[in-house]
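One structure is given below, encoded as structure tokens.
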Amino acid sequence: MSVSVSGDCNAGHGPKKRIAFLAFVKNHPVLSNNVIKFEDVETNIGNHYNPTTGFFTAPINGLYVLSCMIMAYGNTEIAYQWRKNDAVFSSGYTDKTHSGSQSQTFVFELKKGDRVYIKHRTSTSQKIYGGRYSYYNGYLLQ
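For the sequence shown, the UniProt record's numbering gives the first residue as 1, with consecutive numbering after it.
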């Protein structure tokens with residue numbers, strides 16, 4: 001094991017690939033059983049988050065930390081699901097209090113090409129709070 005002058009630690013595995021993203025919901029979109037698109041991208045190292053589709057696609061096998069915070073607009077609620085390759089992984093729900101919110105964080109073991117996204121899960125139209133209140137982010141852990 002060696003430590004470089006810059007403080008980087010290398011155990012003989014080569015440089016670690018940097019993968020990270022942070023994206024926010026723009027405006028206050030009305031959802032109706034569709035993928036939530038976090039279009040205001042702050043960080044997208046590697047360009048593996050697609051703001052047009054709302055999908056994060058794993059570029060390599062590994063453990064990824066992914067999280068979101070969803071805030072309902074006004075006195076409504078938001079029901080949503082985490083999807084991994086179109087299969088439901090988990091569900092979330094904000095209550096009807098004024099601008100109710102919920103955050104969730106998971107560690108996913110992903111294979112190259114796996115897609116993870118967040119989908120609104122009811123056919124009832126619901127409005128999400130945009131303007132950097134609702135976000136989706138993630139990074140490669142190892």
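C-beta atoms are modelled at their ideal positions from N, C-alpha and C, and glycine is treated no differently. Fair warning: this is a prediction, and the values are worked out from it, not measured in the lab.
Buried or exposed: residue i, going by 16 or more other Cβ atoms within 10 Å of its Cβ?
i, result
"A87", "exposed"
"V25", "buried"
"T94", "buried"
"R121", "buried"
"E91", "Just to set this straight, residue 91 is Ser in the shown sequence, not Glu. By the neighbour-count rule (16 or more Cβ atoms within 10 Å), S91 is not buried but exposed."
"T76", "buried"
"S125", "exposed"
If contacts are defined as beta-carbon pairs under 8 Å, then residue i and residue j qualify, I think. What distance do you get, rounded to the angstrom?
i, j, result
"G46", "R18", "7 Å"
"F89", "H48", "No, F89 and H48 are not in contact; Cβ-Cβ is about 18 Å, not under 8 Å."
"Q102", "I70", "6 Å"
From residue i to residue j, what distance separates their C-alpha atoms?
i, j, result
"D40", "Y136", "10 Å"
"S32", "A79", "10 Å"
"K119", "Q142", "26 Å"
"A58", "K112", "5 Å"
"V30", "G100", "16 Å"
"Y139", "I128", "24 Å"
"G130", "R115", "23 Å"
"G7", "S134", "Confidence at G7 is low in this model, with a pLDDT of 48, below 50, so its placement is unreliable and the value that follows should be read with caution. Those two C-alpha atoms are separated by around 35 Å."
"F56", "Y73", "25 Å"
"G62", "K16", "12 Å"
"R132", "T43", "13 Å"
"S123", "T97", "21 Å"
"H28", "N85", "26 Å"
Can we count residue i as close to the ligand GTP, meaning its CB is less than 6 Å from some heavy atom?
i, result
"K127", "For the ligand GTP, the structure offers nothing, since it holds no ligand at all."
With a threshold of 8 Å, are at least 3 pairs of Cβ atoms found where one atom belongs to the region 36-45 and the other to the region 89-109? Between the region 36-45 and the region 89-109 there are fewer than three C-beta pairs closer than 8 Å, too few to call the two in contact.
Taking contact to mean 3 or more Cβ pairs, one atom from each stretch, closer than 8 Å, check whether the region 46-54 and the region 63-77 are in contact. At 8 Å Cβ cutoff, the stretches do not touch.
For the region 45-115, list the beta strand (DSSP E) runs that are entirely contained and at least 3 residues long, ordered along the chain. Counting only runs of 3 or more, we get 55-57, 62-71, 78-84, 87-94 and 101-110.
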